[in-house]
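For reference, each letter of the sequence shown is one residue, going 394 to 877 in my numbering. Virtual Cβ for every residue (Gly too), placed ideally from N, Cα, C. One structure is given below, encoded as structure tokens.
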Amino acid sequence: MAVTGFLKQVKDLKQQEVAHLTAKVDMGSLRALAESATPAGNFLTALGQSTPAKVGIIAEIKKASPSKGPIRPDLDPFEHARRYTRGGARAISVLTESNFFKGSLADLEAVRRATHLPILRKDFIFSEFQIYEARVAGANAVLLITPLMDPGELAAYIALAREIGMEPLVEINSERQFETAAKAGATLIGINNRNLETLETDLKVAQRLAPFFSQDLIPVAASGISARSDIEAGIGSGIVNFLVGESIVRAQDTEAFIGELLGETDRDTAAQTPLVKICGLTDPDEAVQCQGLGADAIGLVFYEKSPRHLSIEQAQKITRALPRETITVGVFVNADHGYIMERVTACNLRAVQLHGQESPELVKALARSGIWVIKTLFAQQQPGFDMARAYEDAWGFLVEDGRGTLPGGNARPWEWNRAARMETTARTRLILAGGLDPDNVQQAVNDVGPDMVDVSSGVERAYGKKDLKLVKKFIQAVKGTAKV
Ligand SMILES: O=C(O)c1ccccc1NCC(=O)[C@H](O)[C@H](O)COP(=O)(O)O
Numbered sequence: 394m395a396v397t398g399f400l401k402q403v404k405d406l407k408q409q410e411v412a413h414l415t416a417k418v419d420m421g422s423l424r425a426l427a428e429s430a431t432p433a434g435n436f437l438t439a440l441g442q443s444t445p446a447k448v449g450i451i452a453e454i455k456k457a458s459p460s461k462g463p464i465r466p467d468l469d470p471f472e473h474a475r476r477y478t479r480g481g482a483r484a485i486s487v488l489t490e491s492n493f494f495k496g497s498l499a500d501l502e503a504v505r506r507a508t509h510l511p512i513l514r515k516d517f518i519f520s521e522f523q524i525y526e527a528r529v530a531g532a533n534a535v536l537l538i539t540p541l542m543d544p545g546e547l548a549a550y551i552a553l554a555r556e557i558g559m560e561p562l563v564e565i566n567s568e569r570q571f572e573t574a575a576k577a578g579a580t581l582i583g584i585n586n587r588n589l590e591t592l593e594t595d596l597k598v599a600q601r602l603a604p605f606f607s608q609d610l611i612p613v614a615a616s617g618i619s620a621r622s623d624i625e626a627g628i629g630s631g632i633v634n635f636l637v638g639e640s641i642v643r644a645q646d647t648e649a650f651i652g653e654l655l656g657e658t659d660r661d662t663a664a665q666t667p668l669v670k671i672c673g674l675t676d677p678d679e680a681v682q683c684q685g686l687g688a689d690a691i692g693l694v695f696y697e698k699s700p701r702h703l704s705i706e707q708a709q710k711i712t713r714a715l716p717r718e719t720i721t722v723g724v725f726v727n728a729d730h731g732y733i734m735e736r737v738t739a740c741n742l743r744a745v746q747l748h749g750q751e752s753p754e755l756v757k758a759l760a761r762s763g764i765w766v767i768k769t770l771f772a773q774q775q776p777g778f779d780m781a782r783a784y785e786d787a788w789g790f791l792v793e794d795g796r797g798t799l800p801g802g803n804a805r806p807w808e809w810n811r812a813a814r815m816e817t818t819a820r821t822r823l824i825l826a827g828g829l830d831p832d833n834v835q836q837a838v839n840d841v842g843p844d845m846v847d848v849s850s851g852v853e854r855a856y857g858k859k860d861l862k863l864v865k866k867f868i869q870a871v872k873g874t875a876k877v
């Protein structure tokens, strides 16, 4: 498709760049890498949850732009992604284009380490190479700009992105482009208020095009959104997902600004809704049902003295049955690097939970291989909460009591709000565990404000066997809703 203005300039430049990079790469190996990548989060599911009362904000990491020049050149993608997550964003968009936007794939990788939210790679994408590259770096979605390719290519790239586990956000700026995107098979369609040929922005574009969308298509308004009134105008046209770049990057208080965009009441709920981990599953069907009810993470215990212990083969049956976006967590107690990595690889685990007296060096070594490391810190034994800084490479800290017959999974409530006083850094994710159940979890969440809650015994009918009614009640208590 012939393009003009800025779009032509960027396309010419990117074509050369991609040709240069592609010449050096074995596409078969890159595809294999992309297929085996398992980033958590599902972009389509996340945006599909939005409603007029609870809109979805895709918060963007954008250091500069061709129309505005430098916006926030010193932006730290990791720290900003943490703020977006805490503020209640539904997903994160990362500009990886380097010439005009000063972004990189390294920025996306940093965001992947910082958040469980789904990530969109935003770039000028018109090759298989860039789609594989996005997935390998940890993206859950890619931007495909309709006028950058012909309709046949667009359909092929939409299909390719889905084949390797990503959902494309297909961008349009006119009614004609909308028809092309819909025919090519797009589900998520980004209506860009900015015309990429002239760089002119008009907020009315999204409001004008949204009424063309049928029920099965999801519009996302993008560009120029800077206030709650812009969101409300979008809601009025049937749009409930918004991609916000410049204004969110410039905000002095990021979390508060996201709160304003969401509307005060939304912010309160969004920011306080932690993820749910159901731990100690032993049965594939039960694991799948827990995930279906809304569990974000599933814990598999690799500790032989536990009645919930799993062999590699049993764990594989569970992880293979779960959808790719599930955060699968292997739970270990004082195991060595080899033992842990054998299970990570064989069972395709996303995260490991070290529930004993493991060293900071082991945490560092595991984190270096790209796996999320959850280190347990105990109220009543070592390592205690004061050890958080020694484990700075950990993805998060699971806090628990530490008394009982087992290192964990003892159904023992404790003084949870001690965890709220824990000295932490901005990078710390807090996972609250120990004696939680459907009746006490809401109070514990209010007191501590964790990023994730973890339960085992409180939703069990026997060791390793979950009572799905209790699981549902637990998730409902945490999220205010559980899927049926
Ligand atoms: O669950 C186990 O059997 C277990 C054994 C050894 C180390 C850790 C273990 N579980 C860790 C968990 O993540 C539990 O979910 C967490 O301790 C909370 O358990 P509960 O108090 O039963 O909800």
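Taking only heavy atoms of ligand 1 into account, decide whether any of them is closer than 8 Å to the Cβ of residue i.
i           : result
residue 803 : yes
residue 692 : yes
residue 696 : yes
residue 672 : yes
residue 796 : no
residue 854 : no
residue 826 : yes
residue 793 : yes
residue 847 : yes
residue 851 : yes
residue 509 : no
residue 800 : yes
residue 473 : no
residue 445 : no
residue 726 : yes
residue 699 : yes
residue 829 : yes
residue 684 : no
residue 746 : yes
For the candidate residues the options, whose alpha-carbon lies nearest to that of residue i?
i           : options               : result
residue 700 : 857, 398 and 866      : 857
residue 445 : 426, 549, 824 and 635 : 635
residue 613 : 753, 666 and 585      : 585
residue 782 : 754, 807 and 694      : 754
residue 759 : 775, 774 and 736      : 736
residue 806 : 830, 789 and 824      : 830
residue 619 : 598, 641, 610 and 633 : 641
residue 872 : 845, 855 and 582      : 845
residue 611 : 441, 496 and 480      : 441
residue 509 : 528, 517 and 533      : 533
residue 529 : 859, 587 and 423      : 423
Return the first residue and the last residue of the alpha helix (DSSP H) that residue i is part of.
i           : result
residue 445 : Residue 445 -> no alpha helix (DSSP H), and no H or E assigned at all.
residue 648 : 647 to 655
residue 798 : First-last for residue 798: undefined, no H or E at that position.
residue 871 : 861 to 872
residue 810 : 810 to 813
residue 838 : 834 to 841
residue 684 : 677 to 686
residue 388 : In the structure as shown, the chain starts at 394 and stops at 877, and residue 388 therefore has no counterpart that could be examined.
Please report whether the beta-carbon of residue i lies at a distance below 9 Å from any beta-carbon of chain D.
i           : result
residue 642 : Reference to chain D is not applicable here, since this structure consists of a single protein chain.
Just reading off the beta strand (DSSP E) that residue i is part of, what are its end residues?
i           : result
residue 515 : 512 to 515
residue 542 : Per DSSP, residue 542 belongs to no beta strand (DSSP E) and is neither H nor E.
residue 612 : 611 to 615
residue 560 : 560 to 565
residue 823 : 823 to 825
residue 485 : 484 to 488
residue 793 : 789 to 793
residue 701 : No beta strand (DSSP E) holds residue 701; DSSP gives it neither H nor E.
residue 853 : 853 to 855
Checking the sheet assignment: what are the DSSP bridge partners for residue i?
i           : result
residue 847 : 670
residue 455 : In DSSP, residue 455 forms no bridge with anything.
residue 773 : Answer is none; residue 773 lacks a bridge partner.
residue 587 : 594
residue 721 : 691
residue 747 : 725 and 768
Meets three-Cβ-pair contact criterion under 8 Å: the region 557 to 577 and the region 601 to 610: Yes, since at least three Cβ pairs between the region 557 to 577 and the region 601 to 610 fall closer than 8 Å, the two stretches touch.
Touching by the beta-carbon criterion (3+ pairs, under 8 Å), the region 515 to 522 and the region 407 to 425: Touching, yes, given that three or more Cβ pairs across the two stretches are closer than 8 Å.
Contact between the region 495 to 515 and the region 463 to 478 (3+ Cβ pairs under 8 Å): Yes, since at least three Cβ pairs between the region 495 to 515 and the region 463 to 478 fall closer than 8 Å, the two stretches touch.
Three CB pairs or more closer than 8 Å across the region 740 to 752 and the region 701 to 714: In this structure the region 740 to 752 touches the region 701 to 714; the number of beta carbon pairs closer than 8 Å is three or more.
Meets three-Cβ-pair contact criterion under 8 Å: the region 529 to 548 and the region 570 to 582: Segments in contact, yes.
Touching by the beta-carbon criterion (3+ pairs, under 8 Å), the region 646 to 654 and the region 676 to 693: Segments in contact, no.
At least three beta-carbon pairs within less than 8 Å, the region 628 to 647 to the region 472 to 484: Segments in contact, yes.
Meets three-Cβ-pair contact criterion under 8 Å: the region 438 to 456 and the region 420 to 428: Short answer: they don't touch.
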